[in-house]
Amino acid sequence: MRQRLSPAVLTVYVWIAMVAFGGIAVETVVIYPNVFHDVPASLAESMEFFVVTGPADFFPPMGAVTVVASVAALVLAWPVRETRLWTGGSLLSLLLGEFLFSALYFWPRNDIMFEEGAAVHSAEVLRQTALEFETGHWGRLAMSAVTATLAFTGLWRLHRGRALAAVAQAGGAS
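This is the structure we're talking about:
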């Protein structure tokens with residue numbers, strides 16, 4: 263059962279990690295230039311625009327699903343050493359480079375820009391915070407790319423190992 267379930271769960275995890283990477287890429291390249299083009303006015307405009315839904319509605323649940331999928335993939339892939347290392351590296355990258363980095367670096371800046379805003383902070387503080395946020399976001403994008411790449415490599419190693427085993431078994435059967 264594990265042998266059939268492992269590639270399916272790992273494939274789902276890779277898909278989720280790639281979708282998350284794509285979402286972060288769009289956020290970085292398309293959304294954030296608009297959000298941060300004229301701070302503090304653009305922050306206020308963004309808050310008006312993201313009334314119905316926004317990145318804060320998508321990424322926390324997406325992150326949780328990604329973590330659950332990566333843990334499941336790692337547990338199921340554990341017997342295959344090469345896959346375990348790549349999938350484990352992907353989970354580590356996800357937890358440290360995306361989740362922990364987000365919690366420690368981005369969440370306080372989100373509070374400054376979008377919760378407290380101009381009512382509490384000067385325009386200069388908001389500009390500096392926005393610059394720090396945008397700069398750090400390129401690091402988050404890079405870590406998301408690492409996470410997706412490591413997950414994909416784990417899946418590839420799993421399929422490669424199975425293909426080599428099948429060839430070896432077929433060669434021994436003749």
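With my numbering applied, the sequence shown corresponds to residues 263 to 436, in that order. Glycine residues also receive a C-beta, built at the ideal position from the N, C-alpha and C atoms.
Here H399 is buried: its Cβ has 16 or more other Cβ atoms, across all protein chains shown, within 10 Å.
Each residue's CA atom was taken as its position, placing V342 and E377 some 46 Å apart. S332: member of the alpha helix (DSSP H) spanning 317–339, first to last residue. Taken through DSSP and simplified to helix, strand or coil, S384 comes out as coil.
Minimum Cα-Cα distance from F298 among the listed residues G316, L366, T391 corresponds to T391. When Cβ pairs closer than 8 Å are counted between the two stretches, the segment 263–279 is seen to touch the segment 419–429, the count reaching three or more. When secondary structure is reduced to three states using DSSP, V288 falls in the helix class. The segment 280–294 and the segment 364–384 do not touch, with fewer than three beta-carbon pairs separated by less than 8 Å.
Closest option to I286, judged by alpha-carbon separation, among D300, P302, T273, F320: F320. Under the three-state reduction of DSSP, H299 is assigned to coil, being neither helix nor strand. Here the alpha carbon of P269 sits roughly 7 Å from the alpha carbon of L417.
Judged by DSSP secondary structure, E344 falls within the alpha helix (DSSP H) whose first and last residues are 343–354. L366 and E310 have their C-alpha atoms roughly 26 Å apart. Around the beta carbon of S384, a 10 Å sphere encloses fewer than 16 other beta carbons of the protein chains shown; the residue is thus reported as exposed. The beta carbon of F414 sits closer than 6 Å to the beta carbons of V276 from its chain, once the five residues preceding and following it are set aside; these are given in chain order. The Cβ neighbour count for E360, taken over all protein chains shown within 10 Å, is at least 16; the residue is labelled buried.
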